[in-house]
Amino acid sequence: MEKILKGKEVADALKQRLKQEMEEFHKKNITPNLTIVIVGDRPDSAAYIKGAVKRCSEIGIECNVRELPKDLGQDKFVDVIQKLNDDEKVNGIMIMRPLPPQISENVVKYEIYPAKDVDCFSPVNLSKVMSGEEGGFAPCTPSAVMEILHHYGIDPRGKKAVIIGRSMVVGRPLAMMLLKENATITVCHTKTLNLAEEAGRAEILIAAAGKAKMVKRNMVKEGAVVIDVGINFDENGRMCGDVDFDEISQVAGMITPVPGGVGAVTSTILAKHVIDACKIQKNL
Ligand SMILES: NC(=O)C1=CN([C@@H]2O[C@H](COP(=O)(O)OP(=O)(O)OC[C@H]3O[C@@H](n4cnc5c(N)ncnc54)[C@H](OP(=O)(O)O)[C@@H]3O)[C@@H](O)[C@H]2O)C=CC1
Ligand SMILES: Nc1nc(=O)c2c([nH]1)NC[C@@H]1CN(c3ccc(C(=O)N[C@@H](CCC(=O)O)C(=O)O)cc3)C=[N+]21
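Per our numbering, residue 25 is the first one in the sequence shown, and the count goes up by one each step.
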């Protein structure tokens, strides 16, 4: 059995399916549009945007990036979102997280139209993830993790799954999605008392803490499936995950690398959501 879970392979398979779906749009002269809104800058967001722009152009989706100054006020930010909501040319809106402190996610999340909300900012989409209802947009990163598990035939049913991280982009929604597929879930965070003990019980371990190479040998059960969501940059500016790959690949049953893992699938799922949003909006 394959030990390295190759995100690129999963992303390429999905990309081929999306290209076929795009033929329907070409016949009708429709080009789906994604608009990414980013306030300020961060290296992980820059890497994501680069990946998303590339993926969209390969598939034939138009992708605009709105870079806003890091001191932008909340009212001005809400104006930008409302204009994008009303702009017929825009099918999908993605707001990069985290937002700067002067802009409250708890205000903005009510503004974005659920039908354009391709990365699950809106409570309408989030509630569907919570209840397991079909039809909304789940956040792209946990969807990418599920896509990798499905692609490699890993069934979460009855498995002990441990997630390190409880953010709204990754940890919390992923817990709900794994729960829907009948895993038994533990969610760890900075106040977890014995992380090594909790993580060490996992048959499926997901690292989404944003701490370079924090997952060490003493935290992983022999044979576990290890999914590394982290995107960090080491002292030489090289991308690395939350998992110490050299150490953990010796003990894990299966493992995703960084780069070449979850990230590539995340941007392809984003493209899928834009196509789905466009279909709904155009009644296709
Ligand atoms: N590959 C991909 O497609 C994507 C990658 N990412 C990457 O995933 C990582 C996480 O992103 P995000 O969720 O936005 O990050 P956040 O900073 O929002 O959340 C990090 C979470 O990890 C927990 N955490 C941090 N350090 C530790 C620790 N030492 N022990 C236990 N728990 C810890 C925090 O706990 P607490 O709540 O207590 O603070 C928090 O819940 C980042 O590297 C990001 O770049 C994100 C999205 C997509
Ligand atoms: N609302 C919101 N949603 C997010 O999903 C989100 C976010 N905000 N803020 C920032 C983090 C970080 N993140 C990355 C995803 C892919 C790459 C990435 O590098 N992808 C490469 C491939 C990397 C690889 O090979 O593993 C690509 O798409 O080609 C990086 C970072 C998403 N995030």
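We put the beta carbon where it would ideally sit given N, CA and C, even for glycine.
query	result
Starting from Cys257, follow its DSSP beta bridges and name the residues at the other end.	First, the residue type needs correcting, since residue 257 is Phe and not Cys in the sequence shown. DSSP, once it has assigned bridges, lists Met263 as partnering Phe257.
In chain order, what residues of the same chain lie with their CB nearer than 6 Å to the CB of Lys240, ignoring the 5 residues before and after it?	Asp268
So, helix, strand or coil for Met243, using DSSP?	helix
Kindly give me the distance between the Cβ atoms of Gly247 and Gly277, rounded to whole angstroms, as I take these residues to be in contact under 8 Å.	4 Å
So Leu29 packs on Ile172, CB below 8 Å; how close in whole Å?	6 Å
What runs of the alpha helix (DSSP H), each 4 residues or longer, lie entirely inside the segment 155 to 236?	164 to 175, 195 to 204, 219 to 224
Counting along the chain, where does the alpha helix (DSSP H) carrying Ile304 start and finish?	286 to 305
Hey, is Ile119 close to ligand 2, as in C-beta under 7 Å from one of its heavy atoms?	yes
Report buried or exposed for Thr280, applying the criterion of at least 16 other Cβ atoms within 10 angstroms of its Cβ.	buried
Can you tell me the Cα-Cα spacing of Ala168 and Leu96, whole angstroms?	31 Å
Measuring alpha carbon to alpha carbon, tell me which residue in Asp143, Gly182, Gly285, Ala233 is nearest Ile299.	Asp143
Is the distance from the Cβ of Asn57 to the Cβ of Glu86 below 8 Å?	yes
Could you tell me the distance, in whole angstroms, from the CA atom of Asp110 to the CA atom of Cys212?	39 Å
Give the single residue among Thr55, Val34, Ala35, Lys32 whose Cα lies nearest to the Cα of Cys302.	Thr55
By the DSSP assignment, the alpha helix (DSSP H) with Leu38 in it spans what residues?	31 to 51
Rounded to whole angstroms, what's the CA-CA distance from Ser191 to Ile230? Just pull it up for me.	13 Å
Report back the beta-carbon spacing between His174 and Ala37 to the nearest angstrom; my notes put them in contact at under 8 Å.	11 Å between Cβ atoms; not a contact.
Within 10 Å of its beta-carbon, does Lys133 have 16 or more other beta-carbons around it, so buried, or fewer, so exposed?	buried
Using a Cβ-Cβ cut-off of 8 Å, state whether Gln126 counts as contacting chain D.	The structure shown contains no chain D; it holds only a single protein chain.
Taking the alpha carbon of Lys39 as the reference point, which residue from Asp65, Glu112, Met263, Arg79 has its own alpha carbon closest?	Arg79
Out of Lys52, Ile136, Glu47, which has the shortest C-alpha to C-alpha gap to Val61?	Ile136
Find the nearest neighbour of Lys235 within the set Lys184, Asn256, Ile127, judged by alpha-carbon distance.	Asn256
Say the cut is 7 Å; is the CB of Ala139 nearer than that to a heavy atom of ligand 1?	no
If I follow the unbroken beta strand (DSSP E) through Cys144, where does it start and stop?	Looking at the DSSP string, Cys144 is not in any beta strand (DSSP E), and its letter there is neither H nor E.
Whole angstroms is fine: what's the gap from Pro163's alpha carbon to Val63's?	19 Å
Report yes if the C-beta of Val186 is less than 7 Å from at least one heavy atom of ligand 1; otherwise report no.	no
When burial is assigned at 16 or more other CB atoms within 10 Å of the CB, is His297 buried or exposed?	buried
Near Pro180, which residues of its chain fall below 7 Å by C-beta distance, leaving aside the five closest residues on each side in sequence?	Leu173, Leu202, Glu205, Asn206, Ala207, Ile228
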